[in-house]
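Asks: One structure, pasted below without further comment.
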Amino acid sequence: ASGGSAYRAPRIMIEEAPELTAHLAEELHERGLPFTFPSAIDQMRQGWGETVCHILNELINQELVDRNFHFHLPTWHCPQSEELEEIEEDEDLECRSEGSQANC
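Residue 30 is where the sequence shown starts when you use this note's numbering, and the numbers rise one by one after that.
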């Protein structure tokens, strides 16, 4: 046995779901995410659906903004002309080794 204690999920009674969902909707509204329409409440109560995915996406975006996180454009390696010639030769050999009559 490890030294840490195992995580135990809280037990939630089905009767508590409406109250918990209303509290969640209130918290989301305070964060600027007003998901209070009936279908959103139903999906939150069930724990799945498009609304739940949208909520998770928005919460992640808010956290990234709060952390001043920015995605950067990828930097691509541009092969030199000599490397391009080698790549073209390798591709040509691969086409011939497959026995294909296709133009490569």
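For glycine and all other residues, C-beta sits at the position ideal for the given N, C-alpha and C. Remember, predicted model here, so these are calculated numbers, not experimental data.
Roughly how many angstroms lie between the CA atoms of residue 69 and residue 107, to the nearest whole one?
Replies: 47 Å
Asks: I'd like to know if the segment 94-106 and the segment 72-80 are in contact, where contact means that at least 3 CB-CB pairs between them fall below 8 Å.
Replies: no
Asks: At what residues does the alpha helix (DSSP H) containing residue 68 begin and finish?
Replies: Going by DSSP, residue 68 is part of the alpha helix (DSSP H) stretching over 67-75.
Asks: Could you tell me if residue 84 is buried or exposed, where buried requires 16 or more neighbouring beta carbons within 10 angstroms of its beta carbon?
Replies: buried
Asks: Answer with buried or exposed for residue 72, where buried requires no fewer than 16 other C-beta atoms within 10 angstroms of its C-beta.
Replies: buried
Asks: How big is the Cα-Cα spacing for residue 86 and residue 63?
Replies: Roughly 14 Å between the two C-alpha positions.
Asks: From residue 46 to residue 38, what does the alpha carbon distance come to, in whole angstroms?
Replies: 15 Å
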